[in-house]
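Q: Quick one: structure below, then a few questions.
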Amino acid sequence: MDGGRSYDVLVVGGGNAALCAALSARQRGASVLVLEASPKHFRGGNSRHTRNLRCMHDGPADVLTESYPESEYWDDLCQVTEGQTNEPLARRVLHDSATCRDWMAQHGVRFQPSLSGTLHLSRTNAFFLGGGKALMNAYYRAAERIGVEVEYDAEVCALNIREGRFSSAVVSRNGSSQEVHAKALVAAAGGFQANLAWLKQAWGEAADNFLIRGTPYDTGTILRILMDRGAKTVGDPAQCHAVAIDARAPRFDGGIVTRVDSIPIGIVVNKHATRFYDEGETFWPKRYAIWGRLVAQQPDQIAFSIFDAKAIGLFVPPVFPPLQARSIRELAGALALNPESLERTVSQFNGAVRPGAFDLARLDDCRTGSLTPPKTHWARPLDTPPFYAYPLRPGITFTYLGVAVNERAQVILQDNQPSENTFAAGEIMAGNILGKGYLAGIGMTIGTVFGRIAGEEAARHVLG
């Protein structure tokens, strides 16, 4: 990288949104440089751990079954966010999701039918053949073919922005700092979830027990710089995409294989062997991302997913095998839980289960009666040994505090005016659409749609 050079468009970040922006800007004729803070083998940010994106469609299409109209997509989003979304931006994401697959395929991305055990996603979500790493490899190959320049181990430590206009970035690389000039900036460097000190500001001491599912390079540096340079923010710093993951996962970068999907099929207890939430509230793709927050609110941020032999084969297992025991008492010992308390909780649950027709494909009538909290669907007695458990910790995927943007992906300033030449895409602006909650696959959709918008608008600003 030549510090004396100037580019039309500078893209900061190396994940899905960043590469979509880089490809789109380059296709419009702009010269583009991508600065990825990670080494090459870590490139792709959180995107390399993903599996799919959520798409609207009016009928069977490619790997998608039936239909998923915009109206239903909108209703689903409103349900999980409880209305905390910027409707014009959200509508843009939903509408443009219909064209994402064709655009992605043009850049080498391939799709496959939904995996067995992925719970209700064949109609709504298109799965990447080879997963997120294959997707990112395809994008990087496409970028190289059309002349996008990429630099790794390139951490942007300062942005020169005056009166809302970007002029250059200071990049730390190989022990030295260089200044890179560009006519437009696309910020696509993720949230601040890998910044444990920042997480503690939002969550307090509980954050010490959080595990970070994705890249350790999402430290929020670019977000903080933009905030300090006058960008308007959206979102609550304590809101995030947080799922329950295996407590044995590494502190960083465990990825999707550490997620525990057995929750709807059994019960979940805290360190006191007490249930604390309805495990069968609704379909898993609409509720899996609340469980990280629920576990975070429990004592010592630990919980346990418990199920019996009937559940084996009904969910995609995580990378670590479950703990196994011949009895509930023996399982309690393996989990360091009070045996009497766990036996009492399981006995009360079993006694409250009402007969029904178990069916994971629908909101069935297997529920509990006279039990707090209830289990409203998929409730079956835990009565068939062996018994199993996964220890759970909060797994933070990405944070929702971000910069406000408009429909052109321009960063909005504190005076509510858009920046002339600073754009944002991906997790750093996802809080505009996700005020709270999550819908499986929508993070990749936001990144793809707004990455394309940001790249096109940045190139349009430069080239007219």
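Positions 30 to 493 (our numbering) are the ones given, in order, by the sequence shown.
Glycine included, each C-beta is placed from N, C-alpha and C at the ideal position.
(1) Quick one: what's got a C-beta closer than 6 angstroms to residue 278's C-beta in the same chain, skipping five residues either side?
(2) How close, in whole Å, do the beta carbons of residue 45 and residue 426 come, if the pair is a contact with beta carbons under 8 angstroms?
(3) Could you spell out the range, first to last residue, of the alpha helix (DSSP H) harbouring residue 131?
(4) Span of the alpha helix (DSSP H) holding residue 15?
(5) Select from 373, 409, 293, 220 the residue whose C-alpha is nearest the C-alpha of residue 383.
(6) Indicate whether residue 41 and residue 218 have their beta-carbon atoms separated by less than 8 angstroms.
(7) For residue 166, does the three-state DSSP call read helix, strand or coil?
(8) So the alpha helix (DSSP H) residue 105 belongs to, where does it begin and stop?
(9) Are residue 414 and residue 337 close, meaning C-beta to C-beta below 8 angstroms?
(10) Which residues in the same chain have their Cβ closer than 8 angstroms to the Cβ of residue 175, if we skip the five residues on either side of it in sequence?
(11) Count the other CB atoms, across all protein chains shown, that sit within 10 Å of the CB of residue 5; report buried if there are 16 or more and exposed otherwise.
(12) Which residues does DSSP list as the beta-bridge partners of residue 150?
(13) Classify residue 58 as buried or exposed, calling it buried when 16 or more other Cβ atoms lie within 10 Å of its own Cβ.
(14) Strictly by DSSP, which residues pair up with residue 57?
(15) Helix, strand or coil for residue 433, going by three-state DSSP, please let me know.
(16) Once DSSP output is grouped into helix, strand and coil, what is the label at residue 371?
(17) Determine the closest residue to residue 101 out of 361, 84, 89, with distance taken between C-alpha atoms.
(18) Under a Cβ-count criterion, where at least 16 other Cβ atoms within 10 Å of its own Cβ denotes burial, should residue 348 be classed as buried or exposed?
(19) Given a cut-off of 8 angstroms on the beta-carbon distance, is the pair residue 276 and residue 440 in contact?
(20) In this structure, does DSSP put residue 196 in helix, strand or coil?
(21) Taking residue 130 as the reference, give the member of 105, 116, 158 with the closest Cα.
(22) Expressed to the nearest angstrom, what Euclidean distance is found between the alpha-carbon atoms of residue 250 and residue 162?
(23) Helix, strand or coil for residue 377 per DSSP?
(24) Going by beta carbon distance, what residues of the same chain come within less than 7 angstroms of residue 321, once the five residues before and after it are set aside?
(25) On the criterion of 16 or more Cβ atoms from any shown chain inside 10 Å, does residue 304 qualify as buried, or is it exposed?
(26) Where does residue 270 sit, in a helix, a strand or coil, going by DSSP?
(27) In whole angstroms, what is the alpha-carbon distance linking residue 392 and residue 373?
(28) CB-CB under 8 angstroms to residue 497, same chain, minus the five flanking residues each way: which ones, in chain order?
(29) Which term fits residue 390, buried or exposed, when burial requires 16 or more other beta carbons within 10 angstroms of its beta carbon?
A: Checking against the coordinates, here is how it stands:
(1) Within the same chain, residue 278 has close Cβ partners 240, 287.
(2) About 13 angstroms separates the two Cβ atoms, so there is no contact after all.
(3) Counting along the chain, the alpha helix (DSSP H) containing residue 131 begins and ends at 116 to 135.
(4) The shown model of the chain, from 30 to 493, leaves out residue 15, and the question about it has no answer.
(5) Comparing alpha carbon positions, the residue from 373, 409, 293, 220 closest to residue 383 is 409.
(6) Contact flag set, yes.
(7) In this structure, residue 166 counts as helix in the three-state DSSP scheme.
(8) Counting along the chain, the alpha helix (DSSP H) containing residue 105 begins and ends at 99 to 110.
(9) Yes, they are a contact pair.
(10) Counting only Cβ-Cβ distances below 8 angstroms, and skipping sequence neighbours, we find 52, 55, 56.
(11) What is shown of the chain runs 30 to 493, which leaves residue 5 out entirely.
(12) Residue 150 is not bridged to any residue.
(13) Label assigned to residue 58: exposed.
(14) Answer by DSSP bridge pairing: none, since residue 57 is not bridged.
(15) DSSP places residue 433 in coil when its eight states are reduced to three.
(16) DSSP places residue 371 in helix when its eight states are reduced to three.
(17) Checked all of 361, 84, 89; the closest Cα to residue 101 is 84.
(18) Under this definition residue 348 is an exposed residue.
(19) Not closer than 8 angstroms, so no.
(20) Per DSSP, reduced to three states, the secondary structure at residue 196 is strand.
(21) Comparing Cα-Cα distances from residue 130 to each of 105, 116, 158, the minimum goes to 158.
(22) Straight through space, the alpha carbons of residue 162 and residue 250 are spaced by roughly 24 angstroms.
(23) In this structure, residue 377 counts as helix in the three-state DSSP scheme.
(24) Answer for residue 321: 271, 272, 273, 423, 424, 425, listed in chain order.
(25) Taking a 10 Å sphere around the C-beta of residue 304, we find 16 or more other C-beta atoms and assign the residue as buried.
(26) Strand.
(27) The alpha-carbon atoms of residue 392 and residue 373 are separated by roughly 27 angstroms.
(28) For the chain, the structure presents residues 30 to 493; residue 497 sits outside this window and is missing.
(29) Counting Cβ neighbours within 10 Å, residue 390 comes out exposed, since fewer than 16 surround it.
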